[in-house]
Structure formats: C-alpha cells, structure tokens
Amino acid sequence: MTNQDVYIATDTYRTMLDELEHIARTFDPTSPHDLRTQLIQAVGEEGGIWPDSCLSNPNHNEKKAA
C-alpha cells in the first residue's frame, strides 16, 4: 500500500475538520452512536474521502498495461 496526498477544496477541508472537532468535543461513550462510525461519516460525507473498497471496481487505481 502506498500513501498518496489528496488535495480537497479548502472549504471542504475546514468543514470536515469542524465536524471532526465537534464529534471529539461532544462524544458521549454511553450514546448508541459508535465513534468510529461518526468519524467515517464525517470524513466521507464532509470530506468526500472514502476507501477504494467502496468502489465497485476495487482495482481502479491499477495502471493498465501499455
């Protein structure tokens, strides 16, 4: 696995960080809402960042042979 830098719009980035901060500051461990799920939702829905396993073609990043 290689890490790639991903650049998103600054407004989107800030909105995602605001949501993550809100989750961190207000999380209640007794709540039925799982912390991991809330974080995944914030990164995905606010930041538009999803793992490639969410794609229908898991090999989308592989280069085609020339």
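With the working numbering as the guide, the letters of the sequence shown map in order to residues 6 to 71.
Each residue gets a CB set at the ideal place from its N, CA and C atoms; glycine is no exception.
For this session: Out of H27, T31, D33 and T20, state which residue places its alpha-carbon closest to the alpha-carbon of G52.
Result: T20
For this session: Give the range of the alpha helix (DSSP H) segment to which I13 is assigned.
Result: Looking at the DSSP string, I13 is not in any alpha helix (DSSP H), and its letter there is neither H nor E.
Exercise. For T17, which residues from the same chain have a beta carbon less than 8 Å from its beta carbon, with the 5 sequence-adjacent residues on both sides left out?
Worked result: E51, G52 and G53
For this session: Starting from the C-beta of R41, find all residues in its chain whose C-beta is less than 7 Å away, skip the five residues before and the five after it, and write them out in chain order.
Result: Contacts found: none.
Problem set entry | Inter-residue spacing [alpha-carbon to alpha-carbon] between D10 and D33 | 32 Å
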